[in-house]
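Report on the structure given below.
In structure tokens form, the structure reads like this:
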């Protein structure tokens, strides 16, 4: 099973900023079809419409709207967007991916869910077509499947590097016991090690209110005995985080001395910002100023808020358009998609890696007086501070 797709609120930028970050050209020909960049590029968009659930209908509409918004911003490149409905079902995703390939698609954007993305990738692998999925599950990444969603690994790396730079080198990991929690724990542990820190302790709890209450005294004791200077949580605001943030301070873990750090967004919903235990805590997010611009643009265009995943569709089209604008026949091959300078899209600077994962620019924020305060801005290019 995949980790839950984390919300990503993405900004909108003009076409000038949707070009490649640098003039670095892909070297060599990787896997993927050749294109005629002087003609409209056939792109298949796979969305979860037809599943019968209201949530899937909302995100499907939002993904298509964002993709069309991105197309309208392109200059000198035409995209022939063809939308296919997966119903959130892997078997249907595989079927429509194969259909899209037969219809002439040169690249697939989507699907949303990890199992569907994996199925779609397998269905078109022999045809040399790459899949830019909206998933954040790195377990499906590789070969012809890329994940555009924000990954635990990327977020953990950003926060771990910042924490080490601030002298918070002894880290305790407190994680949910489910699949996503274990994946988050592993991502944090690896990030801490890469950043030169030490995992001083780890701890978990049963996924229930009583389970958290019963576990907290032991977690607090571990935090004190280990000498941890930071506690890294995998829990989301919809899960155990509010209870942990309340009970750990009550059990003599002072957030003023032991920095609380979150793998998930702590500003969604905004009411989380008022939790006393999270004051002074750190989490990562895309550049808020840029994100706000996208939300305003989307609202003006469609009269409703963008789904948190909408920016991923915009970014996918932006990357395809930027590569096609080079006029190269190998623009959508693996070597083209993974060119190291990356792209600037509505989620900020990002690049795709040859292993199918991604790197995204993130800001580090601190909760102060119930508000989000950016304490380390998102980098604007690769190779700078924050990467």
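Residue numbers (the working numbering): -12 to 374.
The beta carbon of each residue, even a glycine, is placed where N, CA and C say it ideally should be.
Consult DSSP for residue i and reduce its assignment to one of helix, strand or coil.
i           : result
residue 363 : strand
residue 291 : coil
residue 169 : helix
residue 58  : helix
residue 79  : helix
residue 313 : coil
residue 211 : helix
residue 193 : coil
residue 270 : strand
residue 255 : coil
residue 94  : strand
residue 129 : strand
residue 386 : Residue 386 falls outside the range modelled here, since the chain spans only -12 to 374, and no answer is possible.
residue 10  : Its pLDDT being 28, under 50, residue 10 is placed unreliably by the model, and the measurement read from it follows with that caveat. Coil, per DSSP.
residue 301 : helix
residue 369 : coil
residue 5   : Bear in mind that a pLDDT of 33 at residue 5, under 50, signals an unreliable position, so the number given afterwards is only what the model happens to contain. Reduced to three states, the DSSP call for residue 5 is helix.
residue -8  : A caution first: residue -8 carries a pLDDT of 38, below 50, which makes its placement in the model unreliable, though a value can still be read off. In the structure shown, residue -8 sits in coil (DSSP, three-state: anything other than H, G, I, E or B).
residue 46  : helix
residue 178 : helix
residue 199 : helix
residue 17  : The pLDDT assigned to residue 17 is 45, lower than 50, so where the model puts this residue is not dependable; a value taken from the coordinates is nonetheless given after this. Residue 17 falls in the coil class under three-state DSSP.
residue 53  : helix
residue 375 : This structure cannot speak to residue 375, because the chain is shown only from -12 to 374.
residue 204 : helix
In the DSSP assignment, find the unbroken beta strand (DSSP E) run with residue i in it and report its ends.
i           : result
residue 132 : 132 to 134
residue 246 : 246 to 249
residue 190 : 185 to 190
residue 157 : 157 to 161
residue 217 : 217 to 220
Using CA coordinates, which residue listed in the options is at the minimum distance from residue i?
i           : options               : result
residue 123 : 344, 224, 151 and 235 : 344
residue 88  : 97, 280, 166 and 111  : 111
residue 236 : 265, 216 and 220      : 265
residue 309 : 331, 291, 128 and 290 : 331
residue 160 : 96, 150 and 172       : 172
residue 21  : 367, 318, 327 and 362 : 318
residue 290 : 52, 27, 26 and 24     : 52
residue 198 : 227, 208 and 214      : 227
residue 192 : 41, 136 and 204       : 204
residue 217 : 243, 201, 230 and 200 : 243
residue 256 : 142, 323, 229 and 117 : 229
residue 132 : 115, 202, 277 and 245 : 115
residue 417 : 275, 272 and 301      : Outside the shown range of the chain, which is -12 to 374, sits residue 417, and nothing can be said about it.
residue 41  : 74, 56, 324 and 342   : 74
residue 134 : 19, 324, 262 and 149  : 324
residue 144 : 321, 106, 303 and 251 : 251
Would you list the residues sitting across from residue i in a DSSP beta bridge?
i           : result
residue 337 : 330 and 347
residue 120 : 134
residue 29  : 67
residue 72  : 34
residue 358 : 355
residue 276 : In the DSSP output, where bridge partners are listed per residue, residue 276 has none listed.
Alpha carbon to alpha carbon, what distance is there between residue j and residue i?
i           : j           : result
residue 338 : residue 31  : 21 Å
residue 305 : residue 164 : 37 Å
residue 238 : residue 183 : 29 Å
residue 138 : residue 169 : 14 Å
residue 47  : residue 94  : 18 Å
residue 288 : residue 60  : 13 Å
residue 258 : residue 356 : 12 Å
residue 297 : residue 166 : 25 Å
residue 152 : residue 253 : 22 Å
residue 96  : residue 72  : 12 Å
residue 104 : residue 120 : 6 Å
residue 283 : residue 348 : 21 Å
residue 295 : residue 280 : 14 Å
residue 63  : residue 69  : 19 Å
residue 270 : residue 98  : 27 Å
residue 108 : residue 127 : 9 Å
residue 140 : residue 129 : 15 Å
residue 38  : residue 246 : 42 Å
residue 117 : residue 92  : 10 Å
residue 34  : residue 351 : 31 Å
residue 333 : residue 232 : 32 Å
residue 364 : residue 274 : 7 Å
residue 367 : residue 360 : 18 Å
residue 150 : residue 241 : 17 Å
residue 292 : residue 54  : 15 Å
Hey, could you find the ends of the alpha helix (DSSP H) residue i is sitting in?
i           : result
residue 144 : 139 to 152
residue 323 : 321 to 324
residue 260 : Note, residue 260: premise wrong, no alpha helix (DSSP H); not H, not E.
residue 182 : Taken as a continuous stretch (DSSP letters only), residue 182 belongs to no alpha helix (DSSP H), as it is neither H nor E.
residue 105 : 101 to 111
residue 229 : 228 to 237
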